[in-house]
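Here's the structure, in structure tokens; my notes come after.
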Amino acid sequence: MKPQKASDIRKFSEEELHEMLASTQEALMMRNFEKALSQLENPSQIRILRKDIARIKTVLRERNVKI
């Protein structure tokens with residue numbers, strides 16, 4: 001799983017960002033579940049997903065504040 005750049009995320013519409021946020025949060029939940037069951041193959045996926053969620057939320061916040 002490759003991390004997304006903020007510049008790439010800014011190209012999406014607000015609706016697409018909300019969908020992307022929901023799917024990324026769901027993926028993070030699944031990775032945490034796998035981690036709890038000791039089935040996670042690549043622990044760095046959790047870190048990548050958390051950072052992607054932060055980037056998406058940052059872009060959404062920028063649009064709300066209109067920076």
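Reminder that position 33 of the sequence shown reads as 33 in this note's numbering, one-by-one numbering, no gaps.
No residue lacks a Cβ here, since even glycine has one placed at the ideal position from N, Cα and C.
As the structure is a prediction and not an experimental result, all values here were calculated from the model.
Beta-carbon proximity of alanine 6 to threonine 58, cut-off 8 Å: Position 6 of the sequence shown, counted from the first residue, corresponds to residue 6. Position 58 of the sequence shown, counted from the first residue, corresponds to residue 58. Result yes, Cβ atoms of alanine 6 and threonine 58 sit closer than 8 Å.
Cβ neighbour criterion (16 or more within 10 Å) applied to arginine 31: The count along the sequence shown starts at 1 and reaches residue 31 at position 31. With 16 or more Cβ atoms within 10 Å of its Cβ, arginine 31 is classed as buried.
Own chain partners of asparagine 64 with C-beta closer than 6 Å, once the 5 adjacent residues on each side are dropped: Along the sequence shown, one-based indexing puts residue 64 at 64. Cβ within range, chain order: n/a, list empty.
7 Å Cβ shell around glutamine 25 - same chain, five flanking residues per side excluded: Position 25 of the sequence shown holds residue 25. If the five residues before and after glutamine 25 are omitted, its C-beta is found closer than 7 Å to the C-beta atoms of Ile53, all from its own chain and listed in chain order.
C-alpha distance - glutamate 19 paired with serine 13, whole-angstrom precision: For the purposes of this step, residue 19 is taken as the residue at position 19 of the sequence shown. For the purposes of this step, residue 13 is taken as the residue at position 13 of the sequence shown. About 10 Å.
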